[in-house]
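Working notes, structure below.
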Amino acid sequence: PTGGDLPGANLRELNLRGVDLTEANLTGANLTGAKLTGANLTGAKLPGVNLTEVDLTGVVLTGVDLAGADLTKVDLPGVALSEANLREANLTGANLSRAKLFKAILAGANLREVNLRGVDLTELDLAGVNLTGANLREVNLRGVDLTELDLTGVDLTGANLREANLTGADLTRAKLTGA
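Going by this note's numbering, the sequence shown wraps up at 210, each residue one higher than the last.
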């Protein structure tokens with residue numbers, strides 16, 4: 032079965048590997064420790080959901096609504112988050128290396144100490160995003176507005192900063208080798 036209406040459901044520790052949850056309503060659900068490897072969450076509604084430390088390797092998250100969700104320390108390497116709503120989401124310590132974030136909404140998201148290595152962040156609105164201590168090695172930030180952002184301790188080694196607006200950004204302890 033696809034989809035489903037499970038707002039507020041306690042799905043903690045459940046094995047949901049490979050499950051098709053396309054356009055499912057999981058608003059406010061608790062998925063802490065759930066096994067979602069290979070699941071399809073295309074267009075799912077997950078605002079406020081708890082995905083703390085969940086392995087999301089191979090999960091399809093295109094167009095998913097994760098506004099205000101807790102994604103602390105989730106593992107999302109190479110995952111497609113195109114057109115995903117991550118507004119105000121907490122991604123502290125998450126691994127988003129090589130993730131596809133085309134047209135994703137990140138406004139106000141907490142990306143503290145997140146791994147974004149090799150991600151293309153062009154055309155994204157990073158207003159109010161917390162990037163302190165983030166790994167932005169080899170990230171494409173060409174033309175991105177980083178005005179007034181706190182980039183304390185960010186690793187920008189090898190990042191593309193051409194035409195990026197860094198007006199008022201705090202680069203204290205940032206690594207800029209080869210940027």
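Using N, Cα and C, we set each Cβ at its ideal position, and we do this for glycine too.
- Contact check for G49 against G79 fails: the beta carbons are separated by 9 Å or more.
- In its chain, beyond the 5 residues on either side, D106, L107, P108, N146 have a beta carbon closer than 7 Å to the beta carbon of N126.
- A direct Cα-Cα distance of roughly 19 Å separates L137 from L87.
- A distance below 9 Å separates the beta carbons of L152 and V175.
- When secondary structure is reduced to three states using DSSP, A111 falls in the strand class.
- Shown here, K134 sits in coil according to DSSP, grouped into three states, outside any helix or strand.
- Between L122 and A98, the C-beta spacing is not below 9 Å.
- Bridge partners of D201 according to DSSP: D181.
- For E179, the number of other beta carbons within 10 angstroms of its own is below 16, and it is reported as exposed.
- Residue nearest to N191 within the set L177, T183, R173 is R173 (criterion: CA-CA distance).
- Across the structure, S128 and G35 are spaced so that their CA atoms are roughly 30 Å apart.
- In this structure K134 is exposed. Its beta-carbon is surrounded by fewer than 16 other beta-carbon atoms within 10 angstroms.
- Ranked by Cα distance from D96, the options A205, G89, L202, A60 are led by A60.
- Taken atom to atom, the span from the alpha-carbon of E144 to that of N81 is near 19 Å.
- Annotated as distal: N71 and V85, with beta-carbon spacing of 9 Å or more.
- Assignment of beta-bridge partners to V91 by DSSP yields N71.
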